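Protein chains in written order, with the numbering used here: chain A, 67 to 337; chain B, 48 to 273.
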């Protein structure tokens, strides 16, 4: 148990380091993610380019740092959005019961039945492909946040149901407390551990979904870097074999996702 | 007066009920014809991939539950932990490098999630009083599995099968797109790139119907048990 706690601390420290590197990317590297050194395409790592350059001569280290900022700041933002939706409607369904509960749960069932990637592609297809990179970034993560709430809602609803008949909620009802106040002051604060767990679970899911979408050319568009579009550099095996340091973004992604999963609280801790 | 989007979807759904999804804007061909051509490829890959993932996950989960061995425990946890961190598109890329078939890549995507559920499910079922009693009576592992354990977990297994099929169809998009496999996953990706909304909508509807049918199977299994 103690060794697992140590692993958690190490993972937390690693994630903090990766987050800080992303946030202070501008201070760590003096290159921009878009600056091209056309005389040095596919350069090997050196003092001036720590991870070498890509096919367009852009500094890979700078792109990884700025890509980390994009992926690790916006995936939690999307997770926050989906957890907020799941928290509010899950608690409402659990508390209200009746037709309101039936409608919300039916919507959640429909949301869970729709394969996320298909729906993301369908909605992303509505936007033109040559959109502004910043718009593609916001659209990708907003869609992730708006579509990923269904499974979290089921968990929140189940937790709310167990709270609905608890002594303090019954007492609040008996004293004439309005439903909105019961929801905001009594139920939601007690759902904090569940909501936090759902938020934390969603982050690596969104990081991976963004990576897949961007690798398919439907996520964050160039020249803006994200972990997903940095992985597109791995498509050419001969290039990766000749420049093995190109695999660094994938290693960073694996490290971050593993850290997120190992930090997750256990069921007993959530309870 | 109904809005154009409402009338579009009303017409679309009325046609879909009769198997007519309209024409693809990009390929200028009937969508039902495109689906007929490609669906078998995806279905075969998804079924084979799901089967392989189930065989592997079940074998490792049973071994980890009934033959507790640190080597099996650590290697299975590490393997599933590593595979779960890989985006489906990266798995597809490795499949291209290794010239591996599409179903193998799909099974690699499905395996880690399946293994974790199965491992927890079997560990929980193995701690049930009737299973402990069977162990205490010296009944063999094979008989415990077939007569005591699987009958009590089979509704969950059917539900898990539905989830793994859904996972398979979801992962088919990046894997077929990157492995150049002519299935509905690749078609959906090309339709999205070409902004062919009728085709993307029809494919999403098709996959949703498959997922809902598979989930209903899980519900029926649970209902039959109770």
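We put the CB at the ideal spot given by N, CA and C, even for glycine.
Nothing here was measured: the structure is a model prediction, and the numbers come from that model.
query	result
DSSP-derived helix/strand/coil call for residue 148 (chain B)	coil
Beta carbon proximity, residue 191 (chain B) to chain A, threshold 8 Å	no
Residue from B:228, B:258 and B:63 whose Cα sits closest to the Cα of residue 84 (chain B)	B:228
C-alpha distance - residue 304 (chain A) paired with residue 115 (chain B), whole-angstrom precision	42 Å
DSSP-derived helix/strand/coil call for residue 119 (chain A)	strand
Beta-bridge partners of residue 124 (chain A), as assigned by DSSP	A:102
Simplified DSSP assignment, three categories, for residue 256 (chain A)	helix
Helix, strand or coil at residue 309 (chain A) according to DSSP, with G and I counted as helix	coil
Distance cut-off 7 Å: residue 226 (chain B) Cβ against heavy atoms of the ligand GTP	The ligand GTP is not part of this structure, which contains no ligands at all.
8 Å contact criterion, which residue 69 (chain B) and residue 59 (chain B) should meet: CB distance rounded	7 Å
Cβ of residue 184 (chain A) within 8 Å of any chain B Cβ	yes
DSSP-derived helix/strand/coil call for residue 229 (chain B)	coil
Which of helix, strand or coil DSSP assigns to residue 245 (chain A)	helix
Under the three-state DSSP convention, the category residue 70 (chain B) falls into	strand
Any chain A beta carbon closer than 8 Å to residue 144 (chain B)	yes
Contact list for the stretch 119 to 141 of chain B against chain A, Cβ threshold 8 Å	128, 129, 131, 132, 133, 134, 135, 136, 137 and 140
Contact under 8 Å by Cβ, residue 235 (chain A) with residue 156 (chain A)	no
Cβ pair count under 8 Å reaching 3, the stretch 256 to 266 of chain B against the stretch 203 to 215 of chain B	yes
Short CB-CB distance (under 8 Å) between residue 250 (chain B) and chain A	yes
CB contact below 8 Å: residue 221 (chain B) versus chain A	yes
Ranges of the alpha helix (DSSP H) found wholly within the stretch 122 to 178 of chain B, counting only runs of at least 4	135 to 145 and 149 to 173
At least 3 beta-carbon pairs within less than 8 Å: the stretch 88 to 105 of chain A vs the stretch 117 to 130 of chain A	yes
Neighbour flag for residue 284 (chain A) against chain B, beta carbons, 8 Å	yes
Coarse secondary structure for residue 77 (chain B), derived from DSSP in three states	strand
Chain A contact residues for residue 63 (chain B), given Cβ-Cβ distances below 8 Å	Going along chain A, no residue has its Cβ under 8 Å from residue 63 (chain B), so there is no contact; the nearest lies around 15 Å.
9 Å Cβ cut-off: residues of chain B touching residue 303 (chain A)	140, 143 and 144
Contacts of residue 96 (chain B) in chain A (Cβ-Cβ under 9 Å)	Residues of chain A passing the Cβ test: none, with the nearest at roughly 15 Å.
7 Å Cβ shell around residue 296 (chain A) - same chain, five flanking residues per side excluded	129, 130, 133 and 315
Per-residue DSSP class, three states only, for residue 92 (chain A)	helix
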